[in-house]
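Chains as they are written, first to last, in the numbering used here: chain A, 1 to 85; chain B, 1 to 100; chain C, 1 to 619.
Shown next, in structure tokens, is the structure this report addresses.
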């Protein structure tokens, strides 16, 4: 019970912190990486909620595919002159 | 067991952060990131309710949302790539040709 | 054949369609197609006439075309229709044959025969119709064909404007006709002739609320208005002389034998609807028309215009006859006039054909060059002037008797007209066919057989149709009326002697002045200069109408235009401008920025949530 509460609070901090950093960081590549962190946190939260299958899918689809897609898009739309468009 | 309200509060916070990003950031890709965060917040809601009501349909919905989010990310990013090719920018503040 | 009378107008209509669709294959042969179909019509017409002569009348109830009360298009064959069928189809047939020669080689021959077939179809439809609406439809078709045919040589500006003039002037009358139909339908609820006649007495005393006239007087005067337009009565006679711009055959067919008779026919057809008050108007209009047209005919130098004015004068005579109650006399004159006036027109056409001029002063001595044309024209002139024993005498005499019994003023007018008629038609004849040969007439030659044969047939008709009087024509024709008309008194022998005297005097005058040249016509022109100018300018009626159109109508149109521009357009443009102004402001909402839209969605969703919550709390 206590362990569960601790785990939840820790995960909440991770999720909220990464989410905020997604929006606040100046470099968009960092944003994408923080996004991956937030997704991973949510996946962990799913395990806490006894939804292991969803947690797996969350990791694969979000943390894996979508973030990679984002990184590709960032790479393709980045302008040479400015560090972060 | 952790009270359901905790999960809901977390969900609201994440959703709020996502919404904030969508409304304020000018980078198109970041807007998409905000949308992903909002969808995740909804997912947290679904799964939490599924757990507390002991009903699997919440998880089914969550599965669908993940699928949908992936598709949406692919289409959205493809759109931004196309816009970038055409106009050399992904700044949503400059995409104003639909005005009037 | 009574039951098949509906076929009569159908044949020329088919001819019209055939020539219109396949005319380019026939080219010059179009005339034969038209004549073939008209022959069928003629045969059915004559069989129908024989039926009517045998005492059978009636018709078919017809088909219901518009599914409404009182609109059944059927046929009504009585003595009047039979008379018109006979005149229209026979004269039309002869003119078609004449056209073969006259129009030979004209570029528009296909158009000519198509239009003239449509014309004869609508004219035949007009005379057998059993209700006013169908009559009106045919009436308008006839007007349309008249427009097309007068403007046949449309590249000639004078022809084009004459066609327009004819159309517009008759339109004034048509409008009155239409209003008359409305009045009748409003009170009677039907337009079928028989039903109208049956119920006419009911409405003789009912006031219409306009100038204290009864319903019947109002309706009959409006119908007569249509007749005034079509039959070129004063004051709408101005279109007929100008209509001479068309081919002469058209002048003969439309402006002598058939179309202008439509007005007289209409009066005769709706005779039971007329009241004593409206008869008085009819009689005076007729008398005035006859007199003023005869005066104009006296001074014209255009070969066809003289005949045109004489037509107006004759139509005035018929109207006068109908107006004074001489139903049989008027229709008798209508029949004989169809023949001798068509004859005169065709003779004029033949002369034009030979001399290539329209001015009678450039003709002369044509009798030797064109004997058939000349002698048939003499028959026509003789008949028109009203000397025995030709048809004109018998029919005109009847009219004079009828008039003398009713009104001395009208009788005086009719007598003066009779004198003038004899004078002008023989002035016309002497100037063209006798006297010295002019330069142009020296080269003249007789027209081909297709042209002279109809002349001869018409001349025979003009000469002998008058004797129908002795075969009970009058007793026969009045059977078309639902009730016996009042008997006409009048001193028959006295009037007859007087009319012969007057006509002989007229011819003698013309002989002295224009053949013997014992008295120069210049003398009259010099001494009566103002009067001459006045008549030559057609009483300035054209000027009056033009002034009316330019000042009054154009002024009113100008006001309407301003109203349209300022008020109507102002409203329309104002509405448009208002929306432009409003949208100038409102369009700022549309920034095109996706985030603004998302914010709006958020705002809306928030407001919705707040409202729902508030409802919950307050409930």
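Positions of the beta carbon are idealized from the N, C-alpha and C atoms, including for glycine.
- At least 8 angstroms separates the CB of residue 45/B from every CB of chain A.
- Between residue 246/C and residue 110/C, the C-beta gap is not smaller than 8 angstroms, which leaves the two residues out of contact.
- Taking one beta carbon from each stretch, the segment 17 to 31 of chain A and the segment 18 to 36 of chain B have 3 or more pairs nearer than 8 angstroms; the two touch.
- The beta-bridge partner set that DSSP reports for residue 75/C consists of 129/C.
- Taken in chain order, the unbroken stretches of alpha helix (DSSP H) that lie wholly in the segment 250 to 327 of chain C and span 4 residues or more are 259 to 269, 276 to 299 and 303 to 323.
- Counting along the chain, residue 49/B sits inside the alpha helix (DSSP H) bounded by residues 28 to 52.
- The shortest CA-to-CA distance from residue 162/C to any of 115/C, 95/C and 242/C is the one to 242/C.
- Between the segment 309 to 326 of chain C and the segment 216 to 233 of chain C there are three or more inter-stretch CB-CB distances shorter than 8 angstroms, so the stretches are counted as touching.
- Taking C-beta separations shorter than 8 angstroms and ignoring five residues to either side along the sequence, residue 602/C has no partners in its chain.
- Judged by DSSP secondary structure, residue 375/C falls within the alpha helix (DSSP H) whose first and last residues are 371 to 385.
- Between residue 1/B and residue 8/A, the alpha-carbon positions lie close to 11 angstroms from each other.
- Between residue 456/C and residue 372/C, the CB-CB gap stays under 8 angstroms.
- Residue environment for residue 112/C: buried (at least 16 other C-beta atoms within 10 angstroms of its C-beta).
- A residue is called buried when at least 16 other Cβ atoms come within 10 angstroms of its Cβ; residue 376/C meets this threshold and is buried.
- Per DSSP, residue 615/C is one residue of the alpha helix (DSSP H) stretching across 594 to 618.
- Here residue 155/C carries a coil assignment [DSSP, helix/strand/coil].
- Close partners of residue 93/B in chain C (Cβ separation under 9 angstroms): 593 and 595.
- The residue from 379/C, 80/C and 39/C with its alpha-carbon nearest to that of residue 57/C is 80/C.
- The three-state secondary structure of residue 407/C, taken from DSSP, is coil.
- The beta carbon of residue 187/C sits closer than 8 angstroms to those of 203, 206, 215 and 219, all from its chain and outside the five residues before and after it, given in chain order.
- Residue 194/C: member of the alpha helix (DSSP H) spanning 193 to 203, first to last residue.
- Annotated three-state conformation of residue 350/C is helix, per DSSP.
- Secondary-structure assignment with DSSP links residue 91/B through a beta bridge to 27/B.
- For residue 22/B, the nearest CB of chain C lies under 8 angstroms from its own CB, placing it at the interface with that chain.
- Inter-residue distance for residue 5/B and residue 46/A is about 16 angstroms (C-alpha atoms, whole angstroms).
- Looking at the DSSP output, residue 58/C sits in a beta bridge with 77/C.
- Near chain A, meaning a CB-to-CB distance below 8 angstroms, the residues of the segment 30 to 54 of chain B are 30, 32, 33, 34, 36, 37, 40, 43, 44, 47, 48, 50 and 51.
- Listed in chain order, the non-local C-beta contacts of residue 514/C below 6 angstroms within the same chain comprise 427, 430 and 431, local neighbours out to five positions each way being set aside.
- Not a single CB atom of chain B sits nearer than 8 angstroms to the CB of residue 10/A.
- Rounded to whole angstroms, the gap between the alpha carbons of residue 569/C and residue 557/C is 16 angstroms.
- Listed along chain B, the residues sitting closer than 7 angstroms to residue 20/A by beta-carbon distance are 17.
- In chain order, 43, 46 and 47 place their CB closer than 6 angstroms to the CB of residue 55/A, counting only its own chain and leaving out the 5 sequence neighbours on each side.
- Interface flag for residue 81/B against chain A is set, since a Cβ pair is found closer than 8 angstroms.
- Using a CB distance cut-off of 8 angstroms, residue 11/B does not count as an interface residue toward chain C.
- With respect to residue 492/C, residue 369/C sits apart: the two C-beta atoms are not nearer than 8 angstroms.
- Proximity of the segment 280 to 297 of chain C to the segment 305 to 312 of chain C meets the contact definition, three or more beta-carbon pairs being nearer than 8 angstroms.
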